[in-house]
Amino acid sequence: MSNIPEDLKYTKTHEWIQVQDDYTGICGITDHAQEMLTDIVFVELPEVGIEVKAGEQVAVVESVKAVSDVYAPVSGRIVEVNKTLEDSPDLLNSDPYGKGWIFKIDIKDKHELDELMDASAYAEHVASGD
Amino acid sequence: MQTIFSLHKKGRNKYTVPQFGAESYVPIPQHLCRAQLNLADVSEVDVVRHYRKLSSLNFGVDNGMYPLGSCTMKYNPKINDVVASLPQFTRQHPATIEELSQGSLHIMYSMQEMLCAITGMKQFTLMPAAGAHGELSSVMIIKKYFEEKGEKRNIILIPDSAHGTNPASVAMCGFTVKEIPSNSDGDVDIEALRAALDDNVAAMMLTCPNTLGLFDRNIITIAEILRSKGALFYCDGANLNAIVGKVRPADLGFDIMHVNLHKTFSTPHGGGGPGSGPIGVIEKLIPFMPVPVIAKKDNQYFLDYDRPQSIGRVHSYYGNFLVMLRAYTYIVMLGASGLKQVAEHAVVNANYLRVKLQKHFNLPYKRICMHEFVINDEGMPHGITTNEIAKRLLDHGFHAPTVYFPLIVHGAMMIEPTETEHKDTLDAFVDTMVAIKSEAHSHPELLKAAPHTTPVRKVDAVLAARKPVLQWEE
Amino acid sequence: MSFLPNSDEDIRLMCKEIGVNSVEELFIDIPTTVKNPDIQLPSPLSEQEALHSIQHTGSMNKQVCSLVGGGIYNHYVPAIVDHLSSRSEFYTAYTPYQPEVSQGTLAAIFEFQTYMCRLTGMDIANASMYDGATALAEAVLMAVRTTRKNKVLCSATVHPHYRQVLATYAWASDVSLEIVPYKNGTTDYNELSHKMNDTIACVIVQSPNFFGVIEDIEKAVSIAHEHKALCITTFTEAMSLGLLKSPGECGADIACGEGQSFGNYPANGGPLLGILSCKKEFMRTIPGRLIGKTVDEEGRECYVMTLQTREQHIRRERATSNICTNEGLCALRATIYLSLVGNRLYELARTNHAAASYCVEKLVDLGYECVFDAPFFNEFVIKFNNAKDIRHKLMENGFALGIPLEEYYPELSDCLLIAATECTTKDDIDTLVKLLQTI
Chain A
2 MSNIPEDLKY
12 TKTHEWIQVQ
22 DDYTGICGIT
32 DHAQEMLTDI
42 VFVELPEVGI
52 EVKAGEQVAV
62 VESVKAVSDV
72 YAPVSGRIVE
82 VNKTLEDSPD
92 LLNSDPYGKG
102 WIFKIDIKDK
112 HELDELMDAS
122 AYAEHVASGD
Chain B
430 MQTIFSLHKK
440 GRNKYTVPQF
450 GAESYVPIPQ
460 HLCRAQLNLA
470 DVSEVDVVRH
480 YRKLSSLNFG
490 VDNGMYPLGS
500 CTMKYNPKIN
510 DVVASLPQFT
520 RQHPATIEEL
530 SQGSLHIMYS
540 MQEMLCAITG
550 MKQFTLMPAA
560 GAHGELSSVM
570 IIKKYFEEKG
580 EKRNIILIPD
590 SAHGTNPASV
600 AMCGFTVKEI
610 PSNSDGDVDI
620 EALRAALDDN
630 VAAMMLTCPN
640 TLGLFDRNII
650 TIAEILRSKG
660 ALFYCDGANL
670 NAIVGKVRPA
680 DLGFDIMHVN
690 LHKTFSTPHG
700 GGGPGSGPIG
710 VIEKLIPFMP
720 VPVIAKKDNQ
730 YFLDYDRPQS
740 IGRVHSYYGN
750 FLVMLRAYTY
760 IVMLGASGLK
770 QVAEHAVVNA
780 NYLRVKLQKH
790 FNLPYKRICM
800 HEFVINDEGM
810 PHGITTNEIA
820 KRLLDHGFHA
830 PTVYFPLIVH
840 GAMMIEPTET
850 EHKDTLDAFV
860 DTMVAIKSEA
870 HSHPELLKAA
880 PHTTPVRKVD
890 AVLAARKPVL
900 QWEE
Chain C
16 MSFLPNSDED
26 IRLMCKEIGV
36 NSVEELFIDI
46 PTTVKNPDIQ
56 LPSPLSEQEA
66 LHSIQHTGSM
76 NKQVCSLVGG
86 GIYNHYVPAI
96 VDHLSSRSEF
106 YTAYTPYQPE
116 VSQGTLAAIF
126 EFQTYMCRLT
136 GMDIANASMY
146 DGATALAEAV
156 LMAVRTTRKN
166 KVLCSATVHP
176 HYRQVLATYA
186 WASDVSLEIV
196 PYKNGTTDYN
206 ELSHKMNDTI
216 ACVIVQSPNF
226 FGVIEDIEKA
236 VSIAHEHKAL
246 CITTFTEAMS
256 LGLLKSPGEC
266 GADIACGEGQ
276 SFGNYPANGG
286 PLLGILSCKK
296 EFMRTIPGRL
306 IGKTVDEEGR
316 ECYVMTLQTR
326 EQHIRRERAT
336 SNICTNEGLC
346 ALRATIYLSL
356 VGNRLYELAR
366 TNHAAASYCV
376 EKLVDLGYEC
386 VFDAPFFNEF
396 VIKFNNAKDI
406 RHKLMENGFA
416 LGIPLEEYYP
426 ELSDCLLIAA
436 TECTTKDDID
446 TLVKLLQTI
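Chains as they are written, first to last, in the numbering used here: chain A, 2 to 131; chain B, 430 to 903; chain C, 16 to 454.
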């Protein structure tokens, strides 16, 4: 049973976003995602400063047996990346919603947030096996 | 485990280098020279003992059954190695091949002809050094063919069951991969193929028989569909062992193919090569073959570079000659009748294992298989996985089958016994698999902790990936 | 000859178990119109007949005293190399996907990677590529991926076959390749500087180059790095690494080339041994297999294939390369060779250079011109009047004197590229000289 915090928003591709008051979003991958990937060995972080569109691939997460793309939940500019993941990729497994955050994005269009799922919708999505 | 570097000790190395015996050594400017070398200095007896010991930690076909699906781990005849160590061949230099190695050219030319006879293709080149290299060269030929025709086609169709080298080769030549699903029978979904096919499609790549070990029942239709749109049909010949002598890929409608000498044609796998991946083509693709082409005129062999439409060179010389030599020896010993029997026995062996194992394991595709078949871990007690079954097999003196491939079967285990195992070995394999299934019921913890009796137990692959150490350090 | 262990009775019993009346029923899915064709091959032979026949074919090959290099070298292969690499646990094994039963292969290739790093001065070396030419092509693709630029500058002194293979790969992947001319036997560094700009992904030089001349790699490195391009160095004569400054020490980013000189036979050009090594920052973009050190669950030091997510079986069309089978056994042979020779490789390299120096001296004494006045390792270019004719006559008298350069460098017609190794004795050269005097 994977952990799905109530206060976050989710994508179909298993990313989460926590929206701050100033409309920056902290993003990462969900507990379900890290469970599927198993032990993560490497994270290819996005470049700080780049502009991305919602659904665009921004990062790559590697485990021993698989590679997974991470997509931007919303459009905007990448303002910060979590450099500690370079030495400790395991944080994505142990604390996917906390210390395992991947990047911070300056949200361009807050209406895009409405297209994301809330916790219960995401729980259904995971249960349906997509 | 010791590496050779831990055996290093100054003064132990007594290797004698011949002295040239003349005073005309022209000094090389100091700034171009290295200050020192830091290799290991070890006595010869230690070198021999070290590598002998390392070899004992390995499992090869000569140790036991190696049912690795899609790899065709058949017995490697030792006479092939005797031939490949004859100094008349090993000493010859490639640059003087036309003048001094007409014998070697005869071997290569004959090999090309024999592969044409076996596959129905009109011209073969032996240059690619591995199957993937053959695939890449073939995709280059496809690219060149359409370039010369003035047609812009940039998609290649690949079934979802394809080996990873297929899409990788396609991407290396700037094409886009479009995946075609397989249907529930394990054949290519014809309707999906029709829908995906347009004037932008250059070719389709298909392994024949496919990576599920099944012979696609619509293969002639697939060939016709592709031809109707002017697309080419490539055969990944990795599984040729199932059909060699029984059917020629060209007769099925394939235009271009590669074969693996280190699979079907008995040359050893070497722990990761050297292999050889010759490619064959139908008439209209001959102009695009890589150079040089080995040709014959007035009973003399020569290298033909006069090929204006060729894709160019793909290897520094002519390919892995000693590997070809081994395969050549194999083919001349077996002849057409022998090769046909290879396929027949390989297919009997695989079907025998299939019917015996399907009583105990889930068999996704319930039809006659070719030289290999796929089972998976569905329904295994206590959630025992394919990986755990594979590791437990290692405890019993068998190499594990191929696991987690093809990707379209969850938890796949692909079993290919080959024709060089006999019934008693197959029965022992079945007994072991049944015993493992029984252990899954009663002692799942034994399986989860397997392997137990191998030289090392489960290795920490996560550590190796998180903190890569790729060379020996003090 | 047959290697089929099943008797007719075995087959009959198995067919019964399967539920078919004949073996042929198992081939039901093959269309009848094309099944069981008449394949025209020579009649099968016994092992003994096959050996005899092939030995006869082998006798059509002529053995001579060979002073031919040009990318493949005649070096002595010590007895233990064949002996140890013929152990069937090594050569009948597959790729080490099950590390628990493949520690022999894995440890040996880990040692190979270590040797390659120590010789090239790089941080990382992979488990091998097909040959030096394809290693170079893949090194270029690596540089293109890393820099995201797709223009490449390659010296004209890089082996012509390597440049041709590179041209093929470049055409296939839309990379633009420009050749930088040579001057006085080495890369024209002024021209290189001139052609250099910010759109170039990498610069390629070879040392010793195709003419046998030792290049100034540091110059190439500084020109490349000034424009944020990578410097790739290649080599065809691995023996030179025993004596010359390593590419790593010179500042190169990627060092690649041919390892045949270490324990593998010339064998008409294959199997060969591609070497690809690089600085640690390129670890995730280097193609090919990588063996890493780790521990097993009982804490024992062991080895495993690592960073496999770069490779084709996982990344598929986004893999760093499509390479799967490489030249594993040839790498094992090189490892055994280097373990035996050890630091005596330095002396061995010196013997190579001594033989070449003596050969040059004697040919110059006869009045022939050593074309390039530049430092060389074990290969050099000599100008003859009527090179083709002399070479042909010498061949009839048991000597293969080098490679005519005309077909690769038309301006060097009447020049031969000659190699000498530790297998070339003083007597060989003296005999050659006497022959040349009589021709």
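For every residue, glycine included, the Cβ atom is placed at its ideal position computed from N, Cα and C.
Remember, predicted model here, so these are calculated numbers, not experimental data.
Anticipated Cβ contact below 8 Å, residue i with residue j, distance rounded
i	j	result
B/Thr501	B/Asn670	5 Å
C/Val167	C/Pro390	Going by Cβ atoms, the distance from C/Val167 to C/Pro390 rounds to 27 Å, so no, they are not a contact pair.
C/Met410	C/Leu291	Contact flag wrong, Cβ pair sits at about 36 Å.
B/Ala597	C/Arg160	The pair is not a contact, with the Cβ atoms about 13 Å apart (cut-off 8 Å).
C/Gln455	B/Val885	Residue 455 of chain C lies beyond the residue range present for chain C, which begins at 16 and ends at 454; the question has no answer from this structure.
C/Leu353	B/Val446	In fact, because the Cβ distance is near 14 Å, the residues do not count as touching under 8 Å.
C/Asp44	C/Lys295	Contact doesn't hold; Cβ gap of about 51 Å is too wide.
B/Ala879	B/Lys820	4 Å
Three-state secondary structure (DSSP) of residue i
i	result
C/Asn76	strand
C/Thr149	helix
C/Gly263	helix
C/Ser191	strand
B/Tyr663	strand
B/Ala904	Nothing can be reported for residue 904 of chain B, as the shown portion of chain B is limited to 430 through 903.
B/Trp901	coil
C/Arg365	helix
B/Thr831	strand
B/Thr636	strand
A/Trp102	coil
C/Tyr318	strand
Length of the line joining the Cα atoms of residue i and residue j
i	j	result
B/Leu751	B/Phe518	8 Å
B/Tyr454	C/His368	7 Å
B/Asp665	B/Tyr833	20 Å
B/His437	C/Asp97	22 Å
B/Gln541	B/Met550	10 Å
C/Lys403	C/Leu431	9 Å
C/Thr350	C/Gln275	12 Å
B/Glu807	C/Ile33	23 Å
B/Pro873	B/Glu848	33 Å
B/Ala558	A/Ile108	51 Å
B/Gly659	B/Val599	18 Å
Where residue i meets chain E, residues with beta-carbon distance less than 7 Å
i	result
C/Arg163	As a matter of chain content, chain E is missing from the structure shown, whose protein chains are A, B and C.
Kindly confirm or deny that the segment 86-98 of chain C and the segment 432-447 of chain C touch, where touching means at least three C-beta pairs closer than 8 Å. Below 8 Å, enough C-beta pairs join the segment 86-98 of chain C and the segment 432-447 of chain C to call them touching: three or more.
Contact the segment 724-741 of chain B vs the segment 531-539 of chain B: 3+ CB pairs below 8 Å: yes
Are the segment 297-312 of chain C and the segment 882-897 of chain B touching, with three or more C-beta to C-beta distances below 8 Å? yes
Listed from N- to C-terminal order along the chain, which residues in the segment 11-45 of chain A have their beta-carbon within a distance smaller than 9 Å of any beta-carbon of chain B? Thr39, Asp40, Ile41, Val42, Phe43
Contact between the segment 648-660 of chain B and the segment 608-626 of chain B (3+ Cβ pairs under 8 Å): yes
Is there contact here, the segment 471-483 of chain B with the segment 49-64 of chain C, by at least three beta-carbon pairs under 8 Å? Fewer than three pairs of CB atoms, one per stretch, sit closer than 8 Å, so the segment 471-483 of chain B makes no contact with the segment 49-64 of chain C.
At a Cβ cut of 9 Å, what residues of the segment 43-76 of chain A count as close to chain B, listed as they run along the chain? Phe43, Glu63, Ser64, Val65, Lys66
According to a CB-to-CB cut-off of less than 7 Å, which residues of the segment 871-894 of chain B neighbour chain A? Those would be Ala890, Val891, Ala894, in chain order.
With 7 Å as the limit, tell me which residues of the segment 416-440 of chain C have their beta carbon closer than that to any beta carbon of chain B; keep them in chain order. Ile418, Glu437
In the segment 315-339 of chain C, which residues sit with their C-beta less than 7 Å from some C-beta in chain A, listed in chain order? The segment 315-339 of chain C vs chain A, Cβ under 7 Å: Thr324, Ile329, Arg330.
May I ask you to list, following chain order, the residues of the segment 76-110 of chain A that have a beta carbon less than 8 Å from some beta carbon of chain B? Pro90, Asp91
Determine which residues of the segment 565-590 of chain B have a Cβ less than 7 Å from any Cβ of chain C, and write them out in chain order. Leu565, Met569, Lys572
Taking a cut of 7 Å between CB atoms, which residues from the segment 716-729 of chain B lie near chain C? none
Between the segment 751-765 of chain B and the segment 55-71 of chain C, do three or more beta carbon pairs fall short of 8 Å? yes
Could you tell me whether the segment 335-345 of chain C touches the segment 279-291 of chain C, where touching means 3 or more Cβ pairs closer than 8 Å? yes
Is the segment 167-185 of chain C touching the segment 505-515 of chain B in the sense that three or more CB pairs, one from each, lie closer than 8 Å? no
Determine contact between the segment 263-281 of chain C and the segment 240-249 of chain C, defined as no fewer than three beta-carbon pairs at a distance below 8 Å. yes
Could you tell me whether the segment 29-44 of chain A touches the segment 90-99 of chain A, using the rule of 3 or more Cβ pairs below 8 Å? yes
Note down, in chain order, all residues in the segment 142-169 of chain C with a beta-carbon under 8 Å from any beta-carbon belonging to chain B. Ala142, Ser143, Tyr145, Asp146, Gly147, Ala148, Thr149, Leu156
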